[in-house]
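Position in the sequence shown counted from 1, then plus 39, gives you my numbering.
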Amino acid sequence: MSDSLSKLNKEQKEAVTHVDGPLLIVAGAGTGKTTVLIERLNDLIKNGHAKPEEVLITTFTEKAAKEMEERADKLLPYGYVDLWINTFHCFCERVLREHCLDIGLPSDFKLITQTEQWMLLRKNLDRLDLDYYKPLGNPTKFIHEIIRHFSRLKDENIPAREYLEYAEKLKLDTDSTDQEQELEIKRVNELANTYHIYNQLLLDESLLDFGDLICYTIKLFRERPNILNLYREKFKFIMVDEFQDTNWSQYELIKMLVAPKNLPAQAGNLVVVGDDDQAIYKFRGASLSNIMQFKDDFPGAQEIVLSKNYRSGQNVLDAAYRFIAHNNPNRLDVKLGINKKLEAAQSEKGEVNHLHFHTEQEETEEVAKKIIELYKKEKETGWADFAILVRANDTADKFVAELSRLGIPNQFI
């Protein structure tokens, strides 16, 4: 057994050495899922199952992708440079840069930021022909809401043409003179038309937004099966991190890559890592049901639960579990009949205390004093070992002011 594998627990080893067929890894917080993904990449390459460029790993943030790349760089022998460890958007941009002409996209397309989206719509308000949504004053809030709506449409891979057809069908299928119903039809038609104009504005300016990256990649694979087959043959193994946060479009893209029509779905070498208790992108269209849908799409999938936590003491884990259990029965524990209650690897139990104060000022002062007390008490403790989590920026400002007043070095993120 290699040195790296000897450091893994039983479930981690089982996940790392898995080779054939789909696998669902339910990985709780602090259970080493990143380690498992990179060790599996190493194991596949070392044992000759795949070359580095034949493995695709997708994750959600640039930071996570960079961390994985750095870990892989340290683990793999020298000479392996063509790794596909990307966010979904970076992967799609890489594909579209290579094949954009195949679906008529400009080869020099530029990605547009949310601020630039706002500016584009603001500049072209007169072209939108708004009535129902015509802004009475400052259009800032209206434009942000419209952009959010468009982003959700692209999360669900709804093209402008389909939205227009849906809106037109509403008009044709309704013969009622009910005023509320007429207003709703007018509202939907106006949104559909605005969505169509927005997408045309992007194309006219050789621009793509982040949702376009995934939607156009799906379009490329659907309309150019020869290109889809190139990538199906290229990627022998696909791993998806933070699977619980994937939206419909992202999951559809993965299924297209992993399941050729001439093979049963359960034959795909797809590994997804997720935990319903850590879903944070629900507001962006991410669906917790993806994990359950995965079970339906890949009925032969193996399941591995990682529950050994290397980050916190047992008291902390137990308190967190008592809170999250209030989400039952809408959790995987109940739906799949699994036990993912976390077990601490460290012997130190950890403390969870609730301190109640009468005023905000009293709270900030006492929290700062508590930090100083613990700092002086624990010999190996540094200022960077403390964190204060808040709901809003204005709450953070009060703590920053108090910490600074007492000379406690701090960083506000």
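C-beta atoms are modelled at their ideal positions from N, C-alpha and C, and glycine is treated no differently.
Residues that DSSP places opposite residue i in a beta bridge
i, result
"T98", "T126"
"G313", "V65"
"M295", "Its beta-bridge partners do not exist; DSSP assigns none."
"F276", "V94"
"Q341", "L62"
Length of the line joining the Cα atoms of residue i and residue j
i, j, result
"E53", "V297", "22 Å"
"L269", "D433", "51 Å"
"Q317", "D217", "44 Å"
"Y290", "K334", "13 Å"
"T256", "K388", "48 Å"
"L167", "N232", "8 Å"
"H128", "I253", "7 Å"
"A435", "E401", "15 Å"
"L345", "V65", "6 Å"
"L309", "A384", "29 Å"
"L445", "H395", "22 Å"
"A111", "A104", "10 Å"
"S190", "N238", "12 Å"
"D251", "K193", "7 Å"
"I266", "K90", "20 Å"
"E201", "I186", "18 Å"
"L95", "T126", "10 Å"
"A440", "L222", "50 Å"
"P174", "M158", "15 Å"
"V227", "D248", "22 Å"
"N366", "T285", "20 Å"
"G307", "S288", "19 Å"
"L144", "E262", "13 Å"
"Q305", "F130", "Low local confidence applies: a pLDDT of 42 at Q305 is under 50, so the model's placement there is unreliable, with the coordinate-based value given in what follows. C-alpha separation (whole angstroms): 24 Å."
"D357", "L240", "52 Å"
"L211", "L203", "12 Å"
"Q353", "S146", "54 Å"
"I224", "L209", "6 Å"
Where residue i sits in the DSSP three-state scheme
i, result
"A318", "coil"
"L63", "strand"
"N348", "strand"
"K149", "strand"
"Q332", "helix"
"F189", "helix"
"A89", "coil"
"L159", "helix"
"H138", "helix"
"K105", "helix"
"L44", "helix"
"N308", "coil"
"Y360", "helix"
"I411", "helix"
"K173", "coil"
"V355", "helix"
"N81", "helix"
"T434", "helix"
"H183", "helix"
"T398", "coil"
"A111", "helix"
"L76", "helix"
"T70", "coil"
"T154", "helix"
Local Cβ density within 10 Å of residue i, reported as buried at 16 or more and exposed below that
i, result
"M278", "buried"
"H57", "buried"
"Q153", "exposed"
"L479", "Coverage of the chain is limited to positions 40 through 452, which leaves residue 479 absent and any answer about it impossible."
"P448", "exposed"
"I182", "buried"
"L259", "buried"
"I452", "exposed"
"P61", "buried"
"T98", "buried"
"V355", "buried"
"I319", "exposed"
"K72", "buried"
"G67", "buried"
"Q51", "buried"
"L292", "buried"
"D280", "buried"
"S351", "buried"
"Y171", "exposed"
Proximity test, Cβ basis, 9 Å: residue i and chain B
i, result
"L230", "Looking at the structure shown, chain B is missing, and only one protein chain is on hand."
The ligand SAH heavy atom lying under 8 Å from the CB of residue i
i, result
"Y270", "No copy of the ligand SAH appears in this structure; indeed no ligand is present at all."
Quiz item: Could you give the uninterrupted runs of the beta strand (DSSP E) lying entirely in the region 366 to 393, keeping only those of 3 residues or more?
Solution: none
Practice problem: With a floor of 4 residues, list each alpha helix (DSSP H) that falls wholly inside the region 203 to 287, ordered by position along the chain. | Solution: 218 to 243, 249 to 262, 264 to 273
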